[in-house]
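For reference, each letter of the sequence shown is one residue, going 0 to 695 in numbering that gives the first Met the number 0.
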Amino acid sequence: MSEHHPDTRDDLDESKFVTFDGSPFQLYQPYPPAGDQPTAITTLVEGVEDGLSFQTLLGVTGSGKTFTMANTIAQLGRPAIVFAPNKTLAAQLYSEFREFFPRNAVEYFVSYYDYYQPEAYVPQRDLFIEKDSSINEHIEQMRLSATKSLMERRDVVIVATVSAIYGIGNPSEYHQMILTLRMGDKIGQREVIARLIAMQYTRNEQDFQRGAFRVRGDTIDIFPAEHAEMAVRVELFDDEVDSLHLFDPLTGRVRQKIPRFTVYPSSHYVTPRETVMRAVETIKEELRERLEFFHREGKLVEAQRLEQRTRFDLEMLQELGFCKGIENYSRHFSGAAPGEPPPTLVDYLPSDALMLLDESHVLIGQLNGMYNGDRARKENLVDYGFRLPSALDNRPLKFPEFERKMRQVVFVSATPADYEQRVSGQTAEQVVRPTGLVDPAIEVRPASTQVDDVLSEITERVKAGERVLITVLTKRMAEQLTEFLADHGVKVRYLHSDIDTVERVEIIRDLRLGTFDVLVGINLLREGLDIPEVSLVAILDADKEGFLRAERSLIQTIGRAARNVNGRAILYADRITDSMRRAIDETERRRAKQIAFNEQMGITPRGVVKRIKDIIDGVYNADEARAELKEAQQRAKFEDMSEKQIAKEIKRLEKQMADYAKNLEFEKAAQTRDQLALLRERVFGANVGDHVSGVQ
0 MSEHHPDTRD DLDESKFVTF DGSPFQLYQP YPPAGDQPTA ITTLVEGVED
50 GLSFQTLLGV TGSGKTFTMA NTIAQLGRPA IVFAPNKTLA AQLYSEFREF
100 FPRNAVEYFV SYYDYYQPEA YVPQRDLFIE KDSSINEHIE QMRLSATKSL
150 MERRDVVIVA TVSAIYGIGN PSEYHQMILT LRMGDKIGQR EVIARLIAMQ
200 YTRNEQDFQR GAFRVRGDTI DIFPAEHAEM AVRVELFDDE VDSLHLFDPL
250 TGRVRQKIPR FTVYPSSHYV TPRETVMRAV ETIKEELRER LEFFHREGKL
300 VEAQRLEQRT RFDLEMLQEL GFCKGIENYS RHFSGAAPGE PPPTLVDYLP
350 SDALMLLDES HVLIGQLNGM YNGDRARKEN LVDYGFRLPS ALDNRPLKFP
400 EFERKMRQVV FVSATPADYE QRVSGQTAEQ VVRPTGLVDP AIEVRPASTQ
450 VDDVLSEITE RVKAGERVLI TVLTKRMAEQ LTEFLADHGV KVRYLHSDID
500 TVERVEIIRD LRLGTFDVLV GINLLREGLD IPEVSLVAIL DADKEGFLRA
550 ERSLIQTIGR AARNVNGRAI LYADRITDSM RRAIDETERR RAKQIAFNEQ
600 MGITPRGVVK RIKDIIDGVY NADEARAELK EAQQRAKFED MSEKQIAKEI
650 KRLEKQMADY AKNLEFEKAA QTRDQLALLR ERVFGANVGD HVSGVQ
């Protein structure tokens, strides 16, 4: 049965699709691999086939590392997971992989909290902070879609952030709960309803939304939790499935008849009833032991607090099968021993999956640090009676645990750290860029006159219609420099850590469009920012040794100018430190190799021409051009909204859409849906179609 992917665009040139023997992937290859790419791809593919556990792809900025990764995945034909260090980069990778694999399942698995305040207790002030979070519906749907694809097919690429090492429900129990409906199946209406309720679907006759179902006689409509715009209608006759149809939940229009449909649970934390009842017993047991401990210690307030909170949760579990904060009891549900690692997305991966760690020098540090931060916060909650000790086992994986769960790994980085160098069986170098662009020429100038010097450099670049990145050491300095440049008539913006993901993407787009010419930042200018218009990177105070001016940081920052034919980097320093020397030597080594390659091949460097779009806006289609003007006007209205206002606006539009649909005004409802898609795209990044299996 062929898989249909709603993103399949018919305007793609068939001749550009490449397939490999025994691989389910169809790779869209607008151009063949060039430069160092063919050797890197062959090296990695052979390394994996030879059973190497760890390899490194040392790829300089702009050498097309994503393209190499896509080719490697396609040739090996195995499910793959690509880790990115943050949501901005994950969104960028997701968008690129969807262009390379428009006909396969490319999924997105990041933390679904738009806003997350974990529960915590501050003993000094006797202050308990309740867990407060707004779950991003759209991303939750994409997470469910990711686990579903892993269970149904092999041609899967998942782009994930570190949230993939946080505990989610147990794969085997999740698997047990799946409901597959086929035409002709013997199953009664009551049984279907009971199964749906066990999977945490809610019955709702009025407001039909994601994760809900409604019953009309012998017809049951289900809105699957992993779908955004597709529902399924099950018609029963005499305790038998008579027909299955996919329909549009908004307009009610039937899309097509299908032979079978699989309904997946509406949360990763679903559990069979008997498991819940077993867990309730073990939770009661743990509660009894803990209360005895508190009474012995004379901690009566803590004992009373713990009893009240846990009894309430137990009641919810007995009645509904889940409760708020159910993840804190995950050990009881999985039946694991204290201290055992929790099940995570990694457990859903088949054993022969491929793992790619993008910007691995950052990721490894993140993976190392996750556990300790989480542990410190939870210990307070346990000590003061807000949670049972088993809550400590709802945690991210420790690094050694993650290592044990690693499949075959490829580290991808321009500056691999010590860990990658130590464990890698081999390194594939990708130093030459297909475009012939070479690493920027580096100049060192005195720090004493850095501000005036940078101003005169900016003036020259702006005349040529190019952009400038400046990196400084402190927030205060960034603010002062921004002010100074603005006073001298420079169009300048300042990028700092308080700016949220969405706004960051906006600022980077505006820089590319030329709304302003100079961007000042501290550490945000490092990996993964693709800005071909930047021809100068200025590093102020380059001789102040420290994390921001270490060899790796310097190489990454210098690399920001490598996408422009006239790329240059100026390091302002009064002396040359060891880090500077190593960074300059490495850049010069790469530059020499690149220039030699260009001469040998007769390549003239040409700039990267990238269509300026929101990096995360999913895939373009043909009608988009017409809608773009209208969209731009809508967008202008949304640009100025804060995240809270946007959430309100989304709720308002959802209600308006449902009202139109109720009054049978389907044209208007569809228009509202387009507006909603636009807003969601602005907040979450990609606006994604649904993967539907078993559809011709």
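Where is the CB? At the ideal position from N, CA and C, for every residue including glycine.
Given the structure is predicted, the values throughout are model-derived calculations rather than measurements.
Hey, would you say residue i sits closer than 8 Å to residue j, going by beta carbons?
i: Gly-46; j: Gly-424; result: yes
i: Ser-148; j: Val-155; result: yes
i: Leu-570; j: Ile-441; result: yes
i: Ala-79; j: Leu-355; result: yes
i: Gln-593; j: Asp-438; result: yes
i: Leu-539; j: Thr-434; result: no
i: Ala-197; j: Met-182; result: no
i: Thr-576; j: Glu-544; result: yes
i: Arg-562; j: Leu-436; result: yes
Compare the Cα-Cα distances from residue i to each of the options and report the closest residue.
i: Ala-302; options: Glu-400, Ser-534, Thr-343 and Glu-288; result: Glu-288
i: Asp-20; options: Thr-343, Ile-72, Arg-259 and Thr-481; result: Ile-72
i: Gly-210; options: Arg-202, Ala-224 and Ile-219; result: Ala-224
i: Phe-236; options: Val-467, Met-198 and Thr-218; result: Thr-218
i: Leu-92; options: Met-68, Pro-340 and Glu-314; result: Met-68
i: Gln-479; options: Gly-513, Leu-510, Lys-490 and Val-519; result: Val-519
i: Thr-18; options: Phe-99, Gly-50, Leu-512 and Thr-38; result: Phe-99
i: Val-262; options: Phe-246, Ala-278, Arg-194 and Arg-310; result: Arg-194
i: Leu-43; options: Glu-378, Glu-95 and Leu-353; result: Leu-353
i: Phe-260; options: Met-229, Phe-665 and Ser-447; result: Met-229
i: Thr-250; options: Ala-657, Ser-534, Ala-676 and Gln-674; result: Ala-657
i: Lys-377; options: Gly-364, Glu-13, His-360 and Pro-395; result: Pro-395
i: Ala-541; options: Arg-232, Val-564, Arg-308 and Ser-447; result: Ser-447
i: Gly-488; options: Glu-502, Phe-515 and Ile-498; result: Phe-515
For the ligand NAD, is there a heavy atom less than 7 Å away from the beta-carbon of residue i?
i: Asp-497; result: The ligand content of the structure shown is nil, which means the ligand NAD is not present either.
Hey, how far is the Cα of residue i from the Cα of residue j?
i: Phe-82; j: His-294; result: 46 Å
i: Lys-661; j: Ala-163; result: 39 Å
i: Phe-16; j: Leu-26; result: 5 Å
i: Thr-473; j: Arg-492; result: 15 Å
i: Gln-420; j: Thr-55; result: 8 Å
i: Phe-410; j: Glu-358; result: 8 Å
i: Arg-77; j: Asp-351; result: 7 Å
i: Gly-187; j: Glu-239; result: 7 Å
i: Ile-583; j: Ser-22; result: 42 Å
i: Pro-399; j: Val-158; result: 22 Å
i: Glu-339; j: Val-453; result: 55 Å
i: Gly-384; j: Arg-551; result: 45 Å
i: Gln-670; j: Tyr-30; result: 37 Å
i: Lys-24; j: Gln-255; result: This sequence places Phe at residue 24; Lys is not what is there. Cα to Cα, Phe-24 sits roughly 26 Å from Gln-255.
i: Thr-38; j: Arg-406; result: 23 Å
i: Pro-349; j: Glu-151; result: 11 Å
i: Pro-271; j: Ala-33; result: 52 Å
i: Arg-581; j: Gly-558; result: 14 Å
i: Phe-222; j: Val-109; result: 23 Å
i: Val-214; j: Ala-104; result: 31 Å
Could you check what DSSP says for residue i in three-state terms: helix, strand or coil?
i: Tyr-115; result: Model confidence at Tyr-115 stands at a pLDDT of 48, short of 50, so the residue's coordinates are unreliable and nothing is read from them.
i: Arg-232; result: strand
i: Phe-260; result: strand
i: Arg-625; result: For Arg-625, the pLDDT reaches just 39, beneath the cut-off of 50, and the residue's location in the model is therefore unreliable, although a value from the coordinates is still provided. Reduced to three states, the DSSP call for Arg-625 is helix.
i: Leu-696; result: Outside the shown range of the chain, which is 0 to 695, sits residue 696, and nothing can be said about it.
i: Val-467; result: strand
i: Tyr-268; result: coil
i: Ala-477; result: helix
i: Ala-302; result: helix
i: Arg-511; result: helix
i: Phe-385; result: coil
i: Tyr-619; result: For Tyr-619, the predicted structure reports a pLDDT of 31, less than 50, and the residue's modelled location is therefore unreliable. A value from the coordinates is still provided. Three-state DSSP puts Tyr-619 in coil, outside helix and strand.
Considering just the uninterrupted stretch of the alpha helix (DSSP H) at residue i, what are its terminal residues?
i: Met-354; result: That residue, Met-354, is in no alpha helix (DSSP H); its beta strand (DSSP E) goes 353-357.
i: Ala-73; result: 64-75
i: Lys-283; result: 272-296
i: Gly-558; result: No alpha helix (DSSP H) holds Gly-558; DSSP gives it neither H nor E.
i: Thr-603; result: Where Thr-603 is concerned, there is no enclosing alpha helix (DSSP H), given that its DSSP letter is neither H nor E.
i: Ala-703; result: Nothing in the structure corresponds to residue 703, since the chain is present only between 0 and 695.
i: Asp-452; result: 449-462
Using a C-beta cutoff of 8 Å, does residue i count as contacting chain C?
i: Gln-674; result: In the displayed structure, chain C is absent; only one protein chain is listed.
Start and end of the beta strand (DSSP E) containing residue i?
i: Ile-80; result: 79-82
i: Arg-567; result: 567-571
i: Tyr-107; result: 104-108
i: Phe-410; result: 407-412
i: Arg-252; result: Counting along the chain, Arg-252 falls outside any beta strand (DSSP E), and DSSP gives it neither H nor E.
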